[in-house]
Amino acid sequence: MNKILVATIVGLFAYLAQASEELQLFHANYEAYYQGAHLGNGVRKLERLPNGKYRMSSESKLRFLLISDTRYEATEFIYCGGQLQPVSYYFTRKGTGRDHRMLVNFSARQAWVNYDNKKKVIQVKEVLFDPLSYQVQLRLDVMQDKSTFTYPAVIKGNLRQLDFEVVGEELLKLPYGKLNTIKLKKVRKNSKRETYIWLAKELNYILVRLQQKENGKEEADLRLARVKFL
Numbered sequence: 002m003n004k005i006l007v008a009t010i011v012g013l014f015a016y017l018a019q020a021s022e023e024l025q026l027f028h029a030n031y032e033a034y035y036q037g038a039h040l041g042n043g044v045r046k047l048e049r050l051p052n053g054k055y056r057m058s059s060e061s062k063l064r065f066l067l068i069s070d071t072r073y074e075a076t077e078f079i080y081c082g083g084q085l086q087p088v089s090y091y092f093t094r095k096g097t098g099r100d101h102r103m104l105v106n107f108s109a110r111q112a113w114v115n116y117d118n119k120k121k122v123i124q125v126k127e128v129l130f131d132p133l134s135y136q137v138q139l140r141l142d143v144m145q146d147k148s149t150f151t152y153p154a155v156i157k158g159n160l161r162q163l164d165f166e167v168v169g170e171e172l173l174k175l176p177y178g179k180l181n182t183i184k185l186k187k188v189r190k191n192s193k194r195e196t197y198i199w200l201a202k203e204l205n206y207i208l209v210r211l212q213q214k215e216n217g218k219e220e221a222d223l224r225l226a227r228v229k230f231l
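Here it is in structure tokens:
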């Protein structure tokens, strides 16, 4: 009897440990605005693949007067102990102006990058992110009550350092409704551009708003409309 009880308790704790290693999957819909005018819609999804990896994807279709912009990007990564290890990344942009495409394959020591058919290899000294996977890691780090964040990432084919800081807490009114959020700012030096991110506590810290400003004026704004946790 005691052996059965011990085995049951051990199994329960093993299950809890495994569950804690899993990320909350979701499907979120957003409304996009430009200087207050509605531009279009966006979708962000986090899903679990049959091979155990995760895929985060983002898709948007925007139109303003004669300007159109369609984008899709996806990152696949391994998750363990609160840390992401990106495996691959894909991005494509089509519409008015020049089209763009980027592929990145990650290993423990190198990242193979193809941006608009220009290829390069980046040596990896630490965990290297892409434009989507760093956002997932940022959520996890905010959950740990950190206030400053730094992520090396491949952006437009080049290695960049992305820095963020917590600005404070804010009650937002969005198409989704009212939400208590953590507001973050992207740290830039000598730049007229400002980027702000809001993560919702009661929605497992998913991104609920993304705002871009130029010379103090709002340029682009992405706001949460609906979300379903899977």
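Heads up: the sequence shown begins at 2 in the numbering used here, then just goes up one per residue. Each residue gets a CB set at the ideal place from its N, CA and C atoms; glycine is no exception. On a predicted model such as this, the values are computed, not experimentally measured, just so you know.
Pick out whichever of the options has its Cα sitting closest to the Cα of residue i.
i	options	result
D117	L104, G37, Y135	L104
V122	V88, P87, G158	G158
A226	G53, L211, G217, K218	L211
L24	R64, N115, D100, S134	S134
I183	S192, V168, K174	V168
F78	L139, H101, K54	K54
V44	N52, A29, P51, Y206	A29
K186	R49, E166, L66	E166
N52	Y73, Q84, V88	V88
E195	Y177, N205, K214	K214
A38	L50, L66, E48, K95	L66
Do you know offhand how far residue i's Cα is from residue j's?
i	j	result
Q124	Y34	38 Å
G217	S192	11 Å
R56	H101	21 Å
L17	C81	Low confidence applies to L17: its pLDDT is 34, below 50, so where it sits in the model is not reliable, and the reading given next is rough at best. L17 and C81: Cα-Cα distance of roughly 14 Å.
G178	L223	14 Å
L141	L160	22 Å
K95	N106	22 Å
Y31	G98	24 Å
E219	V155	26 Å
G41	K174	19 Å
F92	S148	29 Å
A109	E127	8 Å
K120	Y206	35 Å
N115	S69	24 Å
A112	D131	10 Å
P176	E170	19 Å
G83	K190	29 Å
R72	Y90	14 Å
L50	V228	20 Å
Less than 7 Å between the beta carbons of residue i and residue j, yes or no?
i	j	result
A221	V209	no
K46	S61	no
L1	E48	The structure shown does not extend to residue 1, since the chain is modelled only from 2 through 231, so no value can be given for it.
V143	D164	no
P153	L172	no
Contact check, residue i vs residue j under 8 Å by CB: the rounded distance?
i	j	result
T151	Q162	6 Å
Q36	L85	Not a contact, Cβ separation roughly 34 Å.
By the 10 Å Cβ neighbour count, where 16 or more other Cβ atoms means buried, how is residue i classified, buried or exposed?
i	result
T76	buried
E74	buried
L180	buried
D146	exposed
I235	Residue 235 cannot be examined here, being either before or after the span of the chain that is shown, 2 to 231.
F230	exposed
L204	buried
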